[in-house]
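Enquirer: This is the structure I have questions about; it appears just below.
Residue numbers (the working numbering), protein chains in the order written: chain A, 1 to 117; chain B, 1 to 114.
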């Protein structure tokens, strides 16, 4: 069975510094997708970034980049130049394919990030 | 802007009193999902619609049901809410025709059961 592990329950970072949130995954599939979502205290899950297993380049979206190390089965999120608004819960997730053509997301336990001024 | 909308944002109900949560989307996605999320936990998938086909997760209680009258709307019905059903309920959509199947979430409905 597929599994996502986020080993950091909480992290803090100084404003304007970079921070890395860890994510490791376990799958026997050759084709898979990895996602990061941000959940502020308001509750909405905001999609941040996607990495496909066959993508040769690490994904980047603005201040977010994904450090994808396939052999180590890790997909760490790097946030550069942290802002106070980055304080939130961050979830790593993996797409799990099911027969019938639909995909299900497997979530990690999440990492709560606090950005300090 | 294309989006996923959930109403209401906050819902208070009484123990055992049926409640319906609403989700609509302007993304024209063919797949819609309902998740339950309790405090400090990851979202838990309750069920989803792939087009008109309903797919229930094996551990979703019978107390939870869903309707999808058309592509844009999906409802979550809780027939007899218990105190343990107090949670955030998140609706999400995705397109099975895209390359990533990214799920886009609505703002959620926070349910309180008195």
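A virtual CB, placed ideally from N, CA and C, is assigned to each residue, including glycine.
Got a sec: which bits of the segment 61-93 of chain A sit with their beta carbon under 9 angstroms from any beta carbon on chain B, in order along the chain?
Expert: Of all residues in the segment 61-93 of chain A, 89, 91, 93 have a Cβ within less than 9 angstroms of some Cβ in chain B.
Enquirer: Can you find the residues in the same chain that come closer than 7 angstroms, C-beta to C-beta, to residue 87 of chain B, ignoring five residues on each side of it along the sequence?
Expert: Taking the second chain and counting its residues from 1, the one referred to as residue 87 of chain B is at position 87. Result list for residue 87 of chain B: 36, 37, 38, 111, in chain order.
Enquirer: Run through chain A and tell me which residues come within less than 9 angstroms of residue 97 of chain B, C-beta to C-beta.
Expert: Translated into positions along the second chain, residue 97 of chain B becomes position 97. Within 9 angstroms Cβ-Cβ: nothing; residue 97 of chain B doesn't reach chain A, min ~10 angstroms.
Enquirer: Which residues in chain A sit within 8 angstroms of residue 42 of chain B, going by Cβ to Cβ distance?
Expert: The count along the second chain starts at 1 and reaches residue 42 of chain B at position 42. In chain order: 91, 107, 108, 109, 110.
Enquirer: Can you give the Cα-Cα distance for residue 1 of chain A and residue 19 of chain A, rounded to whole angstroms?
Expert: To locate residue 1 of chain A, count along the first chain from 1; it is residue 1. To locate residue 19 of chain A, count along the first chain from 1; it is residue 19. Looking at the two C-alpha atoms, the distance is approximately 30 angstroms.
Enquirer: Tell me which same chain residues have a C-beta within less than 6 angstroms of the C-beta of residue 60 of chain A, skipping the five on either side of it?
Expert: As a first step, residue 60 of chain A must be located in the first chain, where it is residue number 60. Correct list: empty, nothing qualifies.
Enquirer: Tell me the rounded alpha-carbon separation between residue 60 of chain B and residue 16 of chain A.
Expert: What you label residue 60 of chain B is simply residue 60 of the second chain in a count that begins at 1. What you label residue 16 of chain A is simply residue 16 of the first chain in a count that begins at 1. Cα to Cα, the separation comes out at about 43 angstroms.
Enquirer: Is there at least one Cβ from chain A nearer than 7 angstroms to residue 101 of chain B's Cβ?
Expert: Start at 1 with the first residue of the second chain, and residue 101 of chain B comes out as number 101. Yes - at least one Cβ of chain A is within 7 angstroms of the one on residue 101 of chain B.
Enquirer: List the residues that DSSP assigns as beta-bridge partners of residue 110 of chain B.
Expert: Here residue 110 of chain B is taken as the residue at index 110 of the second chain, counted from 1. Beta-bridge pairing links residue 110 of chain B to B/10, B/88.
Enquirer: Just tell me which of B/7, B/100, B/104 has its CA closest to the CA of residue 54 of chain A.
Expert: Counting from 1 along the first chain, the entry for residue 54 of chain A is found at position 54. Of B/7, B/100, B/104, the residue nearest in Cα terms is B/100.
Enquirer: Write down the C-beta distance between residue 25 of chain A and residue 49 of chain A rounded to the nearest angstrom, noting that I regard them as a contact closer than 8 angstroms.
Expert: Stepping through the first chain from its first residue, residue 25 of chain A is reached at position 25. Stepping through the first chain from its first residue, residue 49 of chain A is reached at position 49. At roughly 15 angstroms, the Cβ-Cβ gap does not stay under 8 angstroms, so residue 25 of chain A and residue 49 of chain A are not in contact.
Enquirer: Give a yes or no on whether 7 angstroms exceeds the smallest Cβ distance from residue 10 of chain A to chain B.
Expert: Translated into the one-based positions of the first chain, residue 10 of chain A becomes position 10. Not one chain B Cβ lies under 7 angstroms of residue 10 of chain A.
Enquirer: Quick one: grab the DSSP three-state call for residue 86 of chain A.
Expert: As a position in the first chain, residue 86 of chain A is number 86, starting the count at 1. Residue 86 of chain A: helix per DSSP, three-state reduction.
Enquirer: What residue range does the beta strand (DSSP E) around residue 69 of chain A cover?
Expert: By one-based count along the first chain, residue 69 of chain A stands at place 69. Segment 64-69, the beta strand (DSSP E) holding residue 69 of chain A.
Enquirer: Report the residue from B/6, B/26, B/108, B/91 whose alpha carbon sits nearest the alpha carbon of residue 47 of chain B.
Expert: By one-based count along the second chain, residue 47 of chain B stands at place 47. Closest by alpha carbon: B/91.
Enquirer: Of all the options A/87, A/102, A/106, A/88, which has the alpha carbon lying nearest to the alpha carbon of residue 133 of chain A?
Expert: There is no way to answer for residue 133 of chain A, as the model of chain A reaches only from 1 to 117.
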